[in-house]
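In order, the protein sequences belong to chains P and B. Residues 0 to 85 (numbering that gives the first Met the number 0) are what the first sequence spells out, left to right. Residues 0 to 199 (numbering that gives the first Met the number 0) are what the second sequence spells out, left to right. For each residue, glycine too, the CB sits at the ideal point set by N, CA and C.
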Amino acid sequence: MTCEELIAHLSSYIDHEMDAALVAEVQEHIAHCRNCRVVLDTTQRLIVLVHDEGQRIIPAGQRSALFERLHQAFLNRPQTSDDSAV
Amino acid sequence: MPGPIIDLTIYENEEMLLAGLRRRDPDACACLIKRFAPLVYAQAMRLLGDADEAEGVLQQTFIKACDRLDTYEGRSGLSSWLYRIATNEALMHLRQRSSRIDLDDVAETIQEDELPQRLTPWTFDPAAAALNSELRTTLEQALATLPETLRTVFVLRDIQGLSTEETAAALGLGESAVKVRLHRARLRLRELLSAYMQEY
């Protein structure tokens with residue numbers, strides 16, 4: 000497997016969407032190719048990083064004015080017929 | 000006029016907040032907003048890349064969430080549920096756009112300029128340390144430079160954690176297109192963040 004072929008298949012390898020024969024070829028390549036090992040490792044780190052970041056509930060911070068407006072819009076929202084029945 | 004100060008500790012956990020929402024406690028909806036609006040807004044911004052549209056999605060998401068509370072079964076957790084509503088709202092906005100799509104942005108193969116150039120290992124280990132605000136900003140900026148066709152797939156697959164099949168259905172694409180676009184987005188983002196990680 001060449002470096003270019005490995006890069007083309009990188010996501011399939013990371014996502015476990017590759018058949019066993021190709022997986023073996025990838026592993027053999029990265030065992031000997033420092034550059035492809037770095038690309039694989041940094042891509043995997045990127046995926047972990049963005050996944051964790053997406054799940055994190057960040058503090059309101061500079062957007063607090065926006066959330067305050069949203070909150071006010073809710074408080075001032077007309078009651079639905081269902082609400083008024085309660 | 001500033002709004003009332005909502006004490007987030009009124010509800011100790013999600014179940015208690017949910018119970019409050021169902022009892023229609025006046026503070027519960029406000030508490031839901033305070034707790035989850037940043038998450039919803041961030042997701043809308045990532046998908047749309049436009050602050051005004053993201054604000055619209057934020058409003059619609061909470062209006063729909065409060066209206067649908069009776070049908071929410073609580074299986075997925077409030078944040079996942081809100082994420083899903085926000086994503087659907089944002090995708091509706093995207094479909095209404097008639098933006099011109101560059102042919103390179105929908106290419107079914109890796110482009111020459113997407114091949115890895117930066118080959119320095121990252122010292123930053125996301126499994127061991129949280130992002131600081133500088134790195135978070137760098138990430139969001141890098142994401143914003145991706146064309147919409149690649150960004151939407153990346154956000155749904157790698158940030159939101161949808162499967163290839165779910166992403167394909169959400170975007171009206173074939174699964175192979177989702178896979179290629181995800182791969183291209185990862186390569187581009189890896190390159191962009193590598194520039195920063197070298198100095199980190």
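Sequence-distant residues of its chain with Cβ nearer than 8 Å to residue i (five each side left out)
i	result
S175(B)	E107
R83(B)	S75
L186(B)	I109, E113, L114 and P115
L57(B)	A36, V39, Y40, A43 and A85
L65(P)	none
DSSP three-state assignment for residue i, whether helix, strand or coil
i	result
H50(P)	helix
V85(P)	At V85(P) the pLDDT is 39, less than 50, meaning the model places this residue with poor confidence and gives no usable figure here.
E139(B)	helix
G73(B)	coil
P133(B)	With the sequence shown as reference, residue 133(B) is identified as Glu, and Pro is not the correct amino acid for it. Correct three-state label for E133(B): helix.
D104(B)	helix
G55(B)	helix
D26(B)	helix
F123(B)	coil
P37(B)	helix
Burial state of residue i, where buried means 16 or more other Cβ atoms lie within 10 Å
i	result
L188(B)	buried
M91(B)	exposed
A43(B)	buried
H15(P)	exposed
Q95(B)	exposed
T151(B)	buried
S10(P)	buried
T41(P)	buried
Proximal residues to residue i (C-beta, below 6 Å), its chain only, five neighbours per side dropped
i	result
C65(B)	C28
V179(B)	E107
M121(B)	It is Trp, not Met, that sits at residue 121(B) in the sequence shown. Cβ within range, chain order: M196.
Contact test: residue i Cβ vs the ligand GTP heavy atom, cutoff 6 Å
i	result
I13(P)	The ligand GTP is not part of this structure, which contains no ligands at all.
Cβ shell of residue i (< 7 Å), same chain only, five flanking positions each side left out
i	result
L68(B)	L20 and R21
H28(P)	M0, L5 and C35
Pull out every residue of the segment 20-54 of chain P whose Cβ sits closer than 7 Å to any Cβ of chain B, in chain order. Taking 7 Å as the Cβ-Cβ cut-off against chain B, the residues of the segment 20-54 of chain P that qualify are N34, V37, V38, D40, T41, T42, R44, L45, I46, V47, L48, V49, H50, D51, E52 and G53.
Three or more beta-carbon pairs under 8 Å between the segment 73-84 of chain B and the segment 146-158 of chain B, yes or no? Cβ pair count under 8 Å is below three, so no.
Within 7 Å of chain P by C-beta, residues of the segment 155-168 of chain B in sequence order: Residues of the segment 155-168 of chain B with a C-beta atom less than 7 Å from some C-beta of chain P are D157, I158, Q159 and G160, listed in chain order.
Pair every Cβ in the segment 128-138 of chain B with every Cβ in the segment 20-33 of chain P, then say whether three or more of these pairs are closer than 8 Å. no
Please identify, using Cβ separations under 7 Å, the residues of the segment 53-69 of chain B that lie next to chain P, in order along the chain. E54, L57, Q58 and F61
Along the segment 174-199 of chain B, where does the CB come closer than 8 Å to a CB of chain P? Name the residues. K178, L181, H182, R185, L186, L188, R189, L192, S193 and M196
If the cut-off is 8 Å on Cβ atoms, which residues from the segment 119-141 of chain B count as contacting chain P, listed in chain order? T119, P120, W121, F123, D124, P125, A126, A129, L130, R135 and L138
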